[in-house]
Amino acid sequence: MATQARSAGERKVRRSRLLPRSVLVVGALVAAAISAFPVVGGTDSYVLQLIGKFLCFSIFALSVDLIWGFTGILSLGQAVYFGIGAYTIALSMKLNYTIENSTRYGGTIPDFMVWNGLTEVPGFMEPLLSTPIAIALALAIPTLLAFIFGVITFKRHIYGVYCAVITLAEALILEQFLIEYQAYTGGFNGVTDYGNTRTAQFLWFLVVLTALCFFGARLLTHSRIGTVLKSVRDNDVRAEFMGYNVANYRIFVFCVSAFLAALAGALYAAWVGIISPGDTGPRFSIEAVIWTAVGGRATLIGPFIGTFLVRGLEFLLSGSWLANYWQFFMGALFILVVLVMRDGIVGTLLNWYRARRRGAPAEIREEQDRLEKDRQHDWRPSSEPGSRNDPV
Amino acid sequence: MIWNQFALQILNGLGVAAILVIATSGLAIIFGVAGVINMAHGTFIMVGAYTAAVVNKLGGDMFMAMPLAFVVVALLGLAVERGVIRWIYDRPLETLLATWGVAIILEVAARLIFGPLGLKVDWPDLLDGNIKLFARPPHYPYYRVFHIVLAAAIMGLTFYLLYKTNFGLKVRAVRRNRAISGCMGVDTAKIDMLIFMYGSGLAGVAGAVLAPIKAATFDMGFTYAVSSYMVIVLGGVGNLLGIPVGAFLIGEGETLLAFRYNTVIGQLLVFVAIVIAIRVFPRGIFGYHERR
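Protein chains in written order, with our numbering: chain D, 1447 to 1838; chain H, 33 to 324.
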C-alpha cells in the first residue's frame, strides 16, 4: 500500500512510539509480580493466586479488545473459546491426576465419571492423557470453531447486533451442554480437584506469556493488517470498496482472538485448579467486555488495566458490607462507561494527554492529528443518514 | 399409540411457540422500529413476573396481574429509554452494553428485595385442568391453550396498532425512512419512546403469564430473552409475520428434538439450524430487504 508515500519523519514517530508505552506496561506487570513475592511470602498465598488469575483474565480481555475495540465485532460469547480451552486442559490434568493419585473409589478414572456409572475413560478422551496433545487441542479446537463460525456468518455480512446475539446464544448452549453431559464434564460442579500449577515458576511463565501476547497484539494492530482492521471497524463499506476482502479480515481476527481466549482459558484452568460451566457462559463473556470497556477499548493497555481494576475492586469489596451492592456498582459503571466515558480510563487519559501536548514538533503533531481524526469516527458501522431501519 | 404421542408433542410444541411469541413480541417491535436490542428484556420479563407474584400475594389472580404488569413495566421501560437509551440510539452495539448494565442493576435489586428464592404464583382456577384429547392420560392442559390464545391476541392487537391506526402509520413511516418522516412532521423521538414503552409493557405481560409455569425468580428472564433473540434472528423483523413463524419453527423444532433426544441436544440442533438458515436469510426469513 502507501508505505512509500509516508514521510520518513512520520515513520520515525511511529517507531519511537512503539517502544516506551509497551515497555512501561510490561515493566509495570513484572514489577507488580516481583513486588508481590516479598509482600505475601509463599506461593500458596491468596493474593499471588489472584495475580495469576488476573493475568489470565487480562489475556482474555485482550482477545475481546482485538475483535471489539479494533475491528468492531462485538462477541458476547467469547467465553466459549475460553471455556473449551480451559475444559480441555482441566480434563487432561484430571485424567492424569487420578492415575497418579488413585481416588477413594480405588479406580483410575475421575470421580465424576464414577458417580455417573462410567467404568473406563471414554475413547474420545484418551488423547487428553498426553499433555502436549491436550495443549495442542485446547488451542486448536477453539480456533477451528471460530473459523467455522466466522466463515458462516461474516461471509454473509452478518455482524453487529446479529453477531452479538448469536454468539450470546452459543455461549448459553455450551454452558447447558456442559451441565447436561455430567458424565464427561463434571456437570454443574465442573471439574475440580485435579491439582494445579501454582508455583513461582509458573507465575513467571504467566507474566512472560502475558507480555508476549501483548507484544503480539501490538505487532498485529500496528501492522498493515491492523490498519485494515481499524478501517473495517470505522467504515466497512468503504474498506470493501478499497478492494479489501472485509469478511476475510474479520475471520482472521476472530480466529486470532479465539486463540488468545483459548490460551487464557488453558492457563486459567492450570493455574486455578477448578473450572465450572459458569466460566464458559454468557455472563462471563459479557464481564470480559466490561473489563475492556472500563479500561479502554482500542488501546492495548486498556484491557489489562480494566481487568486488574474491576476484579481488584471486586476482591477488595467482597469482604466488606458493600459486597451485596457490588453488582449495583458494576451495572452503574457499565452504563456510565457507555454513556459518558466511551474511551474508557486509558482512552480518556490519552485524549487528555494528546490535547496537552499541542506544542510538540511538527511530525508528532501530524501524527496526533491523524490519530484524533481516527477517534472522531463513530464506532458504529456505516449507514446512510437516517437509516436506523436496518441496524447492522 | 405412537401417533398419539407424536400429535401431543406437536401440540406441546405449539404451546412452546406461543410462549416464545409472547416473550418475543415486545423485543421484536422495539428492535424493528428503534433498532435497539434490549438486553434488559429478560429482566423486564422478570419484573412482570414479580408484579404478578405481588398481586398474587395480595389476593389477586393472574388475569388481574396482566394489565398491572403491562403498566408497571411500560413505566420502567419509559425510565430506561429516557435515562439511558435516548443518548445512544445511533450506536446499536453500545445499546446492548448499556441495557446489560440496566439488567444487572434490576436483577440485583430483585434479589435484594425478594430474596434469592423464587416466589410461587398460583394458576387461576379457570386454567386448572386438561382437555382430554385421547382416551389415555397425557392430556393437553388448559394453560397451553390459554398461551396460544394470548399469543394470537397479542399478535392481533399489535397488527391492529401498527396497520390500522394513525399511530401505526407513523411508526411504519419512521421504520421505513426516519429522516423523511421527521421532515414530514412526525416526532420520531416520541415514536421511539412510545414503541419502547409498548414493547416493554408486552414484556411485562409475558412475565405475568410465565410466572405460574415456574416460580418468579430473579434470573428467570435470561433464558427467555436468549430464545427471543433467536426468534428475531430467524424470523426477522421486516414483517410482523416474522415473530410467529420464527417462534413456530423454533418451538416445534426444540420440542420434537427434545422428545426424540433430550432438551440440550434439541437446543443445540436448533441453534445449528438457525446458523445455517441465516446463511440463506441473513436478515431473517421476513427480513427487511435494504437496497445495497
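All C-beta atoms, glycine included, are put in the ideal place defined by N, C-alpha and C. All of these numbers come straight from a predicted model, not from anything done at the bench.
Asked                                                                                                                                                                             : Found
Reducing DSSP to helix, strand and coil, say where Asn1547(D) ends up.                                                                                                            : coil
Just mark Tyr82(H) as buried or exposed, buried being the case when its beta carbon has 16 or more other beta carbons within 10 Å.                                                : buried
Can you tell which of Val1510(D), Gly1518(D) and Ile1530(D) has the C-alpha that lies nearest to the C-alpha of Gly1711(D)?                                                       : Ile1530(D)
On the premise that Val203(H) lies in contact with Ile227(H), defined as a C-beta separation below 8 Å, what is that separation, rounded to the nearest angstrom?                 : 6 Å
Below 8 Å on C-beta distance, what does Asn1635(D) contact in chain H?                                                                                                            : Those within 8 Å of Asn1635(D) in chain H number zero; the least Cβ separation is about 17 Å.
Quick check on Glu1621(D) - is its C-beta less than 8 Å from some C-beta in chain H?                                                                                              : no
Could you tell me which residues DSSP pairs with Val265(H) in its beta bridges?                                                                                                   : Val265(H) is not bridged to any residue.
Of the residues Met98(H), Arg143(H), Gly200(H) and Thr255(H), which one's Cα is nearest the Cα of Pro156(H)?                                                                      : Met98(H)
Could you name the residues of the segment 1776-1787 of chain D whose beta carbon sits closer than 7 Å to any beta carbon of chain H, in the order they occur along the chain?    : Met1776, Gly1777, Ala1778, Phe1780, Ile1781, Val1784 and Leu1785
Nearest to Leu158(H) by CA position, among Leu144(H), Tyr174(H), Gly150(H) and Leu151(H), is which residue?                                                                       : Tyr174(H)
For Val315(H), which option in Ile42(H), Ala49(H) and Ala60(H) has the closest C-alpha, if you only look at C-alpha atoms?                                                        : Looking at the sequence itself, residue 315(H) is Arg, so the reference to Val does not match. That would be Ala60(H), whose Cα lies nearest to the Cα of Arg315(H).
Return the residues of the segment 1721-1750 of chain D that lie within a Cβ-Cβ distance of less than 7 Å from chain H, sorted by chain order.                                    : Ile1732, Val1735 and Ala1739
Which chain D residues sit within Cβ distance under 9 Å of Arg118(H)?                                                                                                             : Neighbours of Arg118(H) on chain D: none; closest Cβ ~10 Å, over 9 Å.
Going along chain D in order, which residues have a C-beta closer than 7 Å to the C-beta of Trp132(H)?                                                                            : Ile1732 and Phe1780
Are the beta-carbon atoms of Trp132(H) and Leu1785(D) separated by less than 8 Å?                                                                                                 : no
Looking only at its own chain, which residues have a Cβ that is under 7 Å from the Cβ of Gly1641(D), when we skip the five neighbours before and after it?                        : Met1539, Tyr1543 and Gly1719
Determine, using beta carbons only, whether Ala1580(D) and Ile1535(D) come nearer to each other than 8 Å.                                                                         : yes
With 16 as the cutoff for other CB atoms within 10 Å, does Leu1696(D) come out buried or exposed?                                                                                 : According to the sequence displayed, residue 1696(D) carries Arg and not Leu. Buried, since its Cβ has 16 or more Cβ neighbours within 10 Å.
For Glu1626(D), go through chain H and note every residue whose CB falls closer than 9 Å to its CB, in chain order.                                                               : Asn294, Thr295, Val296 and Ile297
Classify Gln1647(D) as buried or exposed, calling it buried when 16 or more other Cβ atoms lie within 10 Å of its own Cβ.                                                         : exposed
Only counting the same chain, and skipping five residues up and downstream in sequence, which positions put a Cβ closer than 6 Å to that of Ile51(H)?                             : His179
With three or more beta-carbon pairs closer than 8 Å as the criterion, would you say the segment 137-149 of chain H touches the segment 1739-1748 of chain D?                     : no
Please list, in chain order, the chain D residues whose beta carbon lies closer than 8 Å to that of Phe303(H).                                                                    : Ala1615, Glu1616 and Ile1619
Roughly how many angstroms lie between the CA atoms of Asn1770(D) and Ile137(H), to the nearest whole one?                                                                        : 12 Å
Around the C-beta of Ile186(H), are 16 or more other C-beta atoms found within 10 angstroms, so that it is buried, or is it exposed?                                              : buried
For chain H, find out if any of its Cβ atoms is closer than 8 Å to the Cβ of Leu1763(D); answer yes or no.                                                                        : no
Are the CB atoms of Ala135(H) and Ala91(H) within a distance shorter than 8 Å?                                                                                                    : One detail in the question is off: residue 91(H) reads as Gly in this sequence, not Ala. It is not a contact, given that the beta carbons lie outside the stated cut-off.
Give me, in chain order, the residues of the same chain whose beta-carbon lies closer than 7 Å to that of Ile306(H); leave out the 5 immediate sequence neighbours on both sides. : Met262, Val265 and Leu266
For Asn162(H), which residues does DSSP report across the bridge?                                                                                                                 : Pro173(H)
At a CB-CB cut-off below 7 Å, which residues of chain D make contact with Arg311(H)?                                                                                              : Ile1598 and Arg1602
Residues in the same chain with beta-carbon distance under 8 Å from Glu1830(D), minus the five sequence neighbours each way, listed in chain order, please.                       : Annotation note: pLDDT 39 at Glu1830(D) (below 50); position unreliable, coordinate value reported separately. Nothing listed; no residue qualifies.
Cβ of Gly256(H) less than 8 Å from any chain D Cβ?                                                                                                                                : Reading the sequence as shown, one finds Tyr at residue 256(H) and not Gly. No - not a single Cβ of chain D is within 8 Å of the one on Tyr256(H).
Using a C-beta cutoff of 8 Å, does Ile1612(D) count as contacting chain H?                                                                                                        : yes
Taking the straight line between their C-alpha atoms, what separation do you get for Val86(H) and Trp1767(D)?                                                                     : 28 Å
Closer than 9 Å, Cβ to any Cβ of chain H: which residues of the segment 1686-1703 of chain D, in chain order?                                                                     : none
In the DSSP output, which residue or residues are listed as bridge partners for Leu151(H)?                                                                                        : Ala248(H)
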